[in-house]
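Oh and the sequence shown: position 22 is 142 in the numbering used here, straight run, nothing missing. These notes concern the structure reproduced below.
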Amino acid sequence: MNPEQSGERCRQRHTSIVPGATVTVTRGTLTEKAVLDGELGYGPEVPFLVKAQGTITWLPAPGTTIELDGPDVHVAGLDAIDGTPVLDIKPYMTEFGVTGSEVRQPEWATELMRGYY
Numbered sequence: 121m122n123p124e125q126s127g128e129r130c131r132q133r134h135t136s137i138v139p140g141a142t143v144t145v146t147r148g149t150l151t152e153k154a155v156l157d158g159e160l161g162y163g164p165e166v167p168f169l170v171k172a173q174g175t176i177t178w179l180p181a182p183g184t185t186i187e188l189d190g191p192d193v194h195v196a197g198l199d200a201i202d203g204t205p206v207l208d209i210k211p212y213m214t215e216f217g218v219t220g221s222e223v224r225q226p227e228w229a230t231e232l233m234r235g236y237y
């Protein structure tokens with residue numbers, strides 16, 4: 121099964137469980153603020169069907185190398201079917217997180233972020 125067929129099969133499976141919704145997006149100016157307690161949700165609860173117990177996500181071990189090969193990303197030990205698309209990879213910027221002696225980023229990234237705010 122190629123990645124396109126796999127993605128379409130996954131989409132069909134999920135849309136049969138969770139109903140789709142259409143919302144009109146509007147632009148405006150935020151004029152007031154409210155702090156509310158509660159939970160966000162949509163539709164009926166749907167259990168995650170996973171083989172592993174206790175976790176539904178995976179993180180690489182500290183020090184794992186992610187290799188770039190053109191548009192391909194290789195991560196050792198990633199729990200995914202070969203050819204599964206990785207939808208969103210963002211670089212870690214020290215300006216958005218913790219810093220320490222083990223956290224490094226290229227000088228060009230530091231320079232870029234200097235003018236961010």
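Positions of the beta carbon are idealized from the N, C-alpha and C atoms, including for glycine.
Name the DSSP bridge partner or partners of residue i?
{"i": "I201", "result": "None; I201 has no bridge partner."}
{"i": "E187", "result": "H194"}
Terminal residues of the continuous alpha helix (DSSP H) containing residue i?
{"i": "R234", "result": "227-234"}
Suppose you measure from the CA of residue i to the CA of residue j; what does that come to, to the nearest Å?
{"i": "V195", "j": "G161", "result": "32 Å"}
{"i": "V155", "j": "Q225", "result": "36 Å"}
{"i": "I186", "j": "G220", "result": "21 Å"}
{"i": "T151", "j": "T144", "result": "20 Å"}
{"i": "T103", "j": "L188", "result": "Outside the displayed range of the chain (121 to 237) lies residue 103, so it cannot be described from this structure."}
{"i": "G217", "j": "D202", "result": "31 Å"}
{"i": "R234", "j": "E215", "result": "9 Å"}
{"i": "W228", "j": "Y236", "result": "13 Å"}
{"i": "E159", "j": "L198", "result": "31 Å"}
{"i": "D157", "j": "E165", "result": "20 Å"}
{"i": "A200", "j": "K153", "result": "41 Å"}
{"i": "V223", "j": "T149", "result": "38 Å"}
{"i": "G163", "j": "T184", "result": "38 Å"}
Shortest alpha-carbon distance to residue i belongs to which of the options?
{"i": "E231", "options": "M213, E222, V223", "result": "M213"}
{"i": "K210", "options": "K153, D157, V193, G158", "result": "V193"}
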